[in-house]
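Numbered per our numbering, the sequence shown spans residues 18 to 262.
Glycine included, C-beta positions come from ideal geometry on N, C-alpha and C.
See below for the structure under consideration.
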Amino acid sequence: MGAESSLPGRVWGRERPTPRRQAPTVGRIVEASIALADAEGLDALSMRRVAADLGSGTTSLYRYVTGRDELLELMVDAIAGETEPAPLTGDWRADLAAMARAHRATLLRHPWLGAVMATRPALGPNSLRGMEHALAAAGQLTSDITLAAGVVALVGDYVAGAVSREAAEQEAQRRTGLTEEQWRARVGPYIREVIESGAYPQFARRVVEARDQTYGERFEFGLACLLEGVAATCVSGAAGPTGAA
18 MGAESSLPGR VWGRERPTPR RQAPTVGRIV EASIALADAE GLDALSMRRV
68 AADLGSGTTS LYRYVTGRDE LLELMVDAIA GETEPAPLTG DWRADLAAMA
118 RAHRATLLRH PWLGAVMATR PALGPNSLRG MEHALAAAGQ LTSDITLAAG
168 VVALVGDYVA GAVSREAAEQ EAQRRTGLTE EQWRARVGPY IREVIESGAY
218 PQFARRVVEA RDQTYGERFE FGLACLLEGV AATCVSGAAG PTGAA
């Protein structure tokens, strides 16, 4: 693959040949690639494996997709177009919260997606529409585009971080075959020894007294705290034009 074809965004300006009879379309290639990554992770994704899943020759795929990097870009944008953003309500807090919840649901449907989005900008049409929508939501809070972009990035970073632990638990269950409850049962005797030692009183209180929150409850708590902090910083005027206090 030449340097020109690997330039960011090049994939969106390039015409693609019409598929030959019985050849997989770009849409089918992307759909099969997403299904493979969802089921087995990004390590399993290769042009050869996707071609095998489609019952096609690897060479034929290269007529429509130049390689794995371009394929990933197409996959990310296809996922960005899975759902339409909720219409803006005029309430920046509600709209940013809805955006965060939708992003969380997407990352949980596609656990590999977070790692890809953390390393490359999403430049496809669906991704750009999503960014436009997010900036418009934050624009209801502030007319300063730098500050609005910072708020959008902050919410996105929170969602990615909050989901990472939940996605890791899903991966652990897939890898070990143990549910979280089964894992807790296995480590239960050790935890009892730790508690009985008296060396970790606050941890003991956490285990004995605290109610276990669901991942959803933890997410909503953190999101509420985050948006409260955004309001305190931005609405009160504590942040300057560059977003710095």
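Continuous alpha helix (DSSP H) stretch holding residue i: start and end
{"i": "Q219", "result": "P218 to V225"}
{"i": "H120", "result": "W109 to R126"}
{"i": "L89", "result": "R85 to A97"}
{"i": "D75", "result": "Here residue 75 turns out to be Thr, not Asp, going by the sequence shown. It spans T75 to L78 - the alpha helix (DSSP H) in which T75 sits, taken as one unbroken run."}
For residue i, the three-state DSSP class (helix, strand or coil)
{"i": "H150", "result": "helix"}
{"i": "G246", "result": "helix"}
{"i": "T193", "result": "helix"}
{"i": "S63", "result": "coil"}
{"i": "A135", "result": "coil"}
{"i": "A54", "result": "helix"}
{"i": "V169", "result": "helix"}
{"i": "A103", "result": "coil"}
{"i": "Y81", "result": "coil"}
{"i": "P142", "result": "helix"}
{"i": "Y161", "result": "It should be noted that the sequence gives Asp, not Tyr, for residue 161. The answer is coil: DSSP assigns D161 none of H, G, I, E or B."}
{"i": "D229", "result": "coil"}
{"i": "P41", "result": "coil"}
{"i": "E237", "result": "helix"}
{"i": "G178", "result": "helix"}
{"i": "G205", "result": "helix"}
{"i": "W129", "result": "coil"}
{"i": "G156", "result": "helix"}
{"i": "A20", "result": "Here the model assigns A20 a pLDDT of 45, short of 50, so the residue's position is not dependable, and the following value carries that caveat. DSSP places A20 in coil when its eight states are reduced to three."}
{"i": "A261", "result": "Residue placement at A261 is flagged as unreliable, the pLDDT there being 44, under the threshold of 50; the coordinate-derived value follows with that caveat. Three-state result, A261: coil."}
Selection from the options that minimises the alpha carbon distance to residue i
{"i": "A117", "options": "G246, V82 and F236", "result": "F236"}
{"i": "T159", "options": "R228, C251, A151 and L113", "result": "C251"}
{"i": "A153", "options": "G178, G107, T193 and R182", "result": "G107"}
{"i": "L240", "options": "P102, A114, A97 and G167", "result": "A114"}
{"i": "T76", "options": "M64, E198 and G98", "result": "M64"}
{"i": "L125", "options": "G58, I208 and Q219", "result": "G58"}
{"i": "A139", "options": "E245, A56 and I96", "result": "I96"}
{"i": "A184", "options": "T123, P218 and A202", "result": "T123"}
{"i": "Q187", "options": "W129, A151 and R223", "result": "W129"}
{"i": "N143", "options": "S73, D94, Q199 and G84", "result": "D94"}
{"i": "A298", "options": "E87, R203 and A248", "result": "This structure gives no information on residue 298, because the portion of the chain shown stretches from 18 to 262."}
{"i": "Y232", "options": "D161, Y81, G194 and V180", "result": "V180"}
{"i": "G205", "options": "G215, V224, T193 and R191", "result": "V224"}
{"i": "E245", "options": "V47, R201 and R110", "result": "R110"}
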